[in-house]
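A.B. asks: Pasting in a structure now, in C-alpha cells, and then I'll have a few things to ask.
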Amino acid sequence: MDGYHSFPWPYPIRYGQQDSHETDVLILGGGIAGVWAAIAARRSGAKVTIMEKADTRRSGAGGTGVDHWGYAADNPCSTITPEEMTSALVENHFGYRSGISTYIHASSAYETLLEMEAMGGKIRDTDDEFKGAPFRDDRTKLLFAYAYDNPYTIRVWGANYKPLLRRECKRLGVELLDRTSATALLTEGGAHGARVIGAIGVDCHTGAFVVVRAKAVIVATNRPQRIFTFTSEHRGAAAHRGGSNVGNGYAMGWRIGAEFTLMEKTIRSPFASPYSYPAYGTGNAINTWYPCTIVDANDKEVPWVDCNGKVLSTVDERCRPAEGQKFFLMGGGNASQPHPGLKKYAGPKLIPDLEARMMKGEFTPPFYADLTSMPWYEREAIWGLMVGQEGKTRIPIVQTYERAGFDPAKDMLQTYDFLRGQGMREFVAPQERTFGEIGVAGGMLVDWDLMSNIPGLFGAGDLLFGSQDHVNAATTGRYAGARAALYARSVSHAALDTAQIEREKERVYAPLTETSDSIDWKELNIGVARVMQNYCAELKNEELLKLAEIWLADIEQNEISRVSAGNPHQLMRTLDVIDILTCAQMIVHASKARKASSEVLSFNRVDYPENDPPEWHKYIVIGQDKNNQVRVTDRPLGFWGDFESNYRPRHAENMAAMQGAPASAAT
Amino acid sequence: MVDMPVVYATPNRPTPGRPVIFSPDICSGCNTCVTVCPEDVFIPNPNKGRSPIILYPEECWYCGVCIDDCNRKGAIRLNHPLQQRARWKRKASGEHFRVR
C-alpha cells in the first residue's frame, strides 16, 4: 500500500530556521569529485565542509561503483605518455574536449588510484583470479581492458570505492552536511561577479536554511539531466546519471556571472530514450562489454573489423591495434558522440554494414551477446568484474539476472539493436536528446587552477567544460581540492551580505505556498522538456530559438510561482527543476550564439547549413552580466596552452601541500 | 451471501510503483536503506522495527545501494519495471528466459 497513504512527516520541520557554518573550503556536491576534493583539501591543511543533496556514502553518478580506470597514461605499464593520451582524446573530439581536465586526468589517474588502494580499495588481482590472462601484468598484478598492447585502462574492483572515500573524509575530519541541497553561491558584498565567500543550502529532510561561510568554494555537482525528456515511467532504471543530477552548480554559477562553454552541444542518444533497458544490462560489444562476441538468432557470429576494414578472425585480435596504428582509443567518452571519431584512433568493432547485410538475409535478428564462446578470462572479466563493479551493475544486473537463472557460461544475453529493423540510435526519436547523459559535454569554463572567472569559485568533475567520467571526476576533484586549499591560505573570510541571504530565503521557500491552480515539480519539468524538444532539439534556427527563449522566460515568470511543494523532499525536487529551467535557458543562449552547424557537435542550424566552417571552429563562451544580459565571447581551440608547463608546477605545489597534511581528525 | 471487500477511494499508484520488495521476516527495520538511498525514496516506518515506507517509488534510480549496503541478506529485492526486463537464450538448448 506504499504511496497510497499519507504519513506524518518523519523529520522535524524547520522551514526558515538558519544553521550557520564556517569553513575554509566548501564543496558543493559530495559525489566522486566532491569527496576526492575534500580529501585533498583536508590533507592540504584546510578546514573542509561538503554540502551534499543525498548521502555521501553512495551519492553521485559514480557512487555505486567503477570498473575501468580509464586513460591512466601514468600507470607503470603504459606505453603512451599523458601528452599523447590527452592530444589523442582532444583531437578525437575535434578540439571540443578540455585539454586541462584531460591532461590532469591522464597525468594523475594512476597516482590517484594508488591513494584509493591506500584507503582500502582493491586495484589489482591480488587473489590471482586472472593468472594467465593476456591483459594481466604479472609483476604489478594490474588488469587492463580493451587494448592488450597499450595498457592504459585498468580494470578495478570499484563497487565499494565511494563508501571508502567517505570513510576517509570522516577519518580526516571533513564536515559532512548530508541531505542538504545547495541552492546559491554567496558573493562579497552580494555583488554579481564578485569573489565567492560561501553558499546556501536547504535541508532536504527538515527544510532548514543552511548558510556556510567559506574562503573558497568548489562546485562539484553533476550535469543537468531531464532537459529534453522526463517521465518517471521510463527514466530510473535506464539512466546513467541519477535524479539528483540536475545541474545545480551550473544554475548557481550562472546566476552570479560564472562563464560556461560548449553548452550548445546536445546529442541524440539511446541512453536518453524511454526504450532503454537497465544500463549494461543488455547484450552489446562496446565499453564495459568490449570485446564480446555477438551472434544472430541462428548462432551465426557477426564479424569484427579493424579501422582498415580488415576482418578479424580471433577475439585476441579485437584487443590489438591495427597495422600502422600505435594505439586505439576505447572506453567511455573516447570520441565526440555520436560522431565515431577519427579513423586513426578507431578500435576494432562489429562490421559497420551489419544492418544492410541483415536486411539482405545474411543475419537473422534478434542478436545476442555470446559470453559462452569467449575465452574464460574475458568472460569473467566482463561478467563479474566489469559488469558487477561498474556503477549500477552489482545489484541491478549481476545479482538480479543471476537470481533469475542467468549463467554467463551457458546463456546469451539479448541485444535490442535492430528489433524494429534499425539500430539503437534510430530507436530514439529526434526530439529525445540529452545534455551529457553520456559523453563529453559543456560546463564551467576554468583555468589551470580549475578556477572559474569568479575569484574563489572552483569546479571539479562532470561540471567542468569538455570533461567526462569517473576518473576525470576523481583526478580533477583531487587537483581542485589542493588548489582551493592553497587559494584559501591567501584570503580571509568576508562578511556575508544580509540582503543576498534574505533574497535567497524568499526564493527557496516560495514553493511552500499552495495556490488554487498549483502544479507539481514533475509537470514543470515535463513542460520545460517539451519546450526544448520543440524549439532547441534536432533542428534549430533563429525563430525556433527565439520561441524557446520566449517560452522559457514565460515559464520562469508565470509558471514557477504555481509550483507547490508539500514537504522538504518535494521542495528539493522543485528547486531542482527551477535549476533545470535555468540550464535549459543556458543551452538556448549558447545555441543562439553559435551561428553555424557543426557535425562534430551534433548541432544543426537549418539557417546556417554549412557544417563546421573554419571560422566557427572555436569555443562559444556565455555568461551573464550584472543586468542579467547574456554576454557572448569565444576562445580558440587549444586556448589552454601548453600542457606540461601549466600542469607540472601546480602539480608539484599540490603534492607538497597534501604531504604537509594532518594525518587524522586533529584540529 | 458473499462478503464483499471493503473498498476505498484511492488515487492511482505512481509508476513504476514497486522498485524494491522487502521481506518483512528478514528486514529488521534498521533504516540503513533510508540513509543511503541517493534519491531519498524511502522514509522510516512509523511503526518502529518495520520495513521502511517506499514514499516516492517513481523516483527510484534502480542503483541497488539499498540492497548492497543492507546488513541482512535477502531483506530487500530489486524489482525492475516490467518494460525493462531483458531476455536471454540458453545456447545449448535454445530455451528462452527473462529477468524476473
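Residue numbers (our numbering), protein chains in the order written: chain A, 225 to 891; chain B, 1096 to 1195. We put the beta carbon where it would ideally sit given N, CA and C, even for glycine. No experiment lies behind these values; they were computed from the predicted model shown.
1. Could you tell me whether the Cβ of R1185 (chain B) comes closer than 8 Å to any Cβ of chain A?
2. Among A:Y592, A:S493, A:N677 and A:T538, which one has its Cα closest to the Cα of P654 (chain A)?
3. My guess is that V755 (chain A) and A772 (chain A) are in contact by the Cβ rule of under 8 Å, so how many angstroms apart are they, rounded?
4. Is the shortest distance between the beta-carbon of K534 (chain A) and the beta-carbons of chain B less than 8 Å?
5. Specify, as a first and last residue, the run of the alpha helix (DSSP H) that T1130 (chain B) falls within.
6. Any beta-carbon of chain A closer than 8 Å to the one on P1139 (chain B)?
7. Report the rounded CA-to-CA distance for E335 (chain A) versus F231 (chain A), giving the unit in angstroms.
8. From M225 (chain A) to E747 (chain A), what does the alpha carbon distance come to, in whole angstroms?
9. Going by DSSP, what residue range makes up the alpha helix (DSSP H) through L366 (chain A)?
10. Residues in the same chain with beta-carbon distance under 8 Å from S742 (chain A), minus the five sequence neighbours each way, listed in chain order, please.
11. Should the segment 279-294 of chain A be regarded as contacting the segment 411-430 of chain A, the criterion being three or more beta carbon pairs within less than 8 Å?
12. Could you pull out every residue in the same chain whose Cβ sits closer than 8 Å to the Cβ of R1193 (chain B), ignoring the five residues on either side in sequence?
13. Taking 8 Å as the CB-CB limit, is D520 (chain A) close to chain B?
14. Distance cutoff 8 Å, beta carbons only. Does S331 (chain A) sit that close to anything in chain B?
15. Evaluate the contact criterion for the segment 442-457 of chain A versus the segment 675-688 of chain A: three or more CB pairs, one atom per stretch, below 8 Å.
16. Based on the DSSP secondary-structure assignment, which residues constitute the bridge partners of R492 (chain A)?
17. Out of curiosity, what's the CA-to-CA distance linking L597 (chain A) and I606 (chain A)?
18. Can you give me the C-alpha to C-alpha distance between G1159 (chain B) and T617 (chain A), rounded to a whole angstrom?
19. Spatial neighbours of I802 (chain A) within its chain, please: C-beta separation below 7 Å, excluding the five flanking residues on both sides.
20. Taking only the alpha-carbon atoms, compute the straight-line gap between A432 (chain A) and E579 (chain A) and give it to the nearest angstrom.
21. Residues of chain C with CB closer than 7 Å to the CB of P1176 (chain B), please, in chain order.
22. On a Cα-Cα basis, can you pick out the residue from A:M343, A:L366, A:G884 and A:K567 that is closest to D349 (chain A)?
23. Specify the secondary structure class of I274 (chain A) as computed by DSSP and reduced to three states.
24. So who's on the other strand from S822 (chain A), going by DSSP bridges?
25. Where do the N-terminal and C-terminal ends of the beta strand (DSSP E) with V441 (chain A) fall, by residue?
26. Could you compute how far the alpha carbon of T639 (chain A) sits from the alpha carbon of G1169 (chain B)?
27. Out of A:T506, A:L681, A:S468 and A:T280, state which residue places its alpha-carbon closest to the alpha-carbon of P590 (chain A).
28. Using beta carbons (cut-off 8 Å, strictly below), is G227 (chain A) in contact with chain B?
29. Label V856 (chain A) either buried or exposed according to how many other C-beta atoms from any shown protein chain fall within 10 Å of its C-beta, with 16 as the threshold for buried.
30. M1099 (chain B) to L1150 (chain B), Cα distance in whole Å?
31. Is there a Cβ from chain B that is less than 8 Å from the Cβ of H292 (chain A)?
32. For a contact meaning CB atoms closer than 7 Å, what does D1163 (chain B) contact in chain A?
33. Step through the CB atoms of chain B and report whether any lies within less than 8 Å of the CB of K167 (chain A).
34. Per the DSSP calculation, P448 (chain A) is bridged to which residue(s)?
35. Going by DSSP in three states, M225 (chain A) sits in which element: helix, strand or coil?
36. Using a Cβ-Cβ cutoff of less than 6 Å, which residues in the same chain neighbour A820 (chain A) once the five nearest sequence positions on both sides are dropped?
C.D. replies: Based on what the coordinates show:
1. At a cut-off of 8 Å between C-beta atoms, R1185 (chain B) counts as an interface residue with respect to chain A.
2. Comparing alpha carbon positions, the residue from A:Y592, A:S493, A:N677 and A:T538 closest to P654 (chain A) is A:S493.
3. Cβ atoms of V755 (chain A) and A772 (chain A) come within 8 Å of each other, at about 6 Å.
4. By this cut-off, K534 (chain A) is not an interface position.
5. Run containing T1130 (chain B): T1127 to V1131, per the alpha helix (DSSP H) assignment.
6. Yes, P1139 (chain B) counts as interfacial toward chain A.
7. Answer to the nearest angstrom: the Cα atoms are 49 Å apart.
8. Caution applies to M225 (chain A), whose pLDDT of 44 falls short of 50 and renders its modelled position unreliable; the value that the coordinates give is listed next. Going from the Cα of M225 (chain A) to the Cα of E747 (chain A) covers about 24 Å.
9. No alpha helix (DSSP H) holds L366 (chain A); the beta strand (DSSP E) holding it covers L366 to F368.
10. Counting only Cβ-Cβ distances below 8 Å, and skipping sequence neighbours, we find R786, V787 and S788.
11. Verdict: no, contact absent.
12. Same-chain partners within the cutoff: R1180, A1181, R1182 and W1183.
13. No - not a single Cβ of chain B is within 8 Å of the one on D520 (chain A).
14. Nearest CB-CB separation between S331 (chain A) and chain B: not below the 8 Å threshold.
15. These segments touch.
16. A:R657.
17. What sits at residue 597 (chain A) in the sequence shown is Ser, not Leu. Counting only the Cα atoms, I606 (chain A) lies some 13 Å from S597 (chain A).
18. Using only the alpha carbons, I get a separation of about 8 Å.
19. Once the five neighbours on either side are set aside, the close Cβ partners of I802 (chain A) are I784.
20. If I take the Cα positions, the gap works out to 56 Å.
21. No chain C is part of this structure, whose protein chains are labelled A and B.
22. Comparing Cα-Cα distances from D349 (chain A) to each of A:M343, A:L366, A:G884 and A:K567, the minimum goes to A:L366.
23. If DSSP states are grouped into helix, strand and coil, I274 (chain A) belongs with the strands.
24. Under the DSSP definition of a beta bridge, S822 (chain A) partners with A:F827.
25. It spans A440 to V443 - the beta strand (DSSP E) in which V441 (chain A) sits, taken as one unbroken run.
26. Near 29 Å, if we compare the C-alpha coordinates of G1169 (chain B) and T639 (chain A).
27. P590 (chain A) has its Cα closest to that of A:T506, out of A:T506, A:L681, A:S468 and A:T280.
28. Because the pLDDT of G227 (chain A) is 45, which lies under 50, any placement of that residue in the model is unreliable, and the question is left without a value.
29. Result: exposed.
30. Cα to Cα, M1099 (chain B) sits roughly 29 Å from L1150 (chain B).
31. Interface criterion not met: the Cβ of H292 (chain A) is under 8 Å from no Cβ in chain B.
32. Going along chain A in sequence order, the residues near D1163 (chain B) (Cβ under 7 Å) are R618 and I619.
33. A query on residue 167 (chain A) cannot be resolved here, the shown segment of chain A reaching from 225 to 891 and no further.
34. In the DSSP secondary-structure assignment, P448 (chain A) is bridged to A:V470.
35. The pLDDT assigned to M225 (chain A) is 44, lower than 50, so where the model puts this residue is not dependable, and the model offers no usable value.
36. Correct list, in chain order: Y832, P837 and W840.
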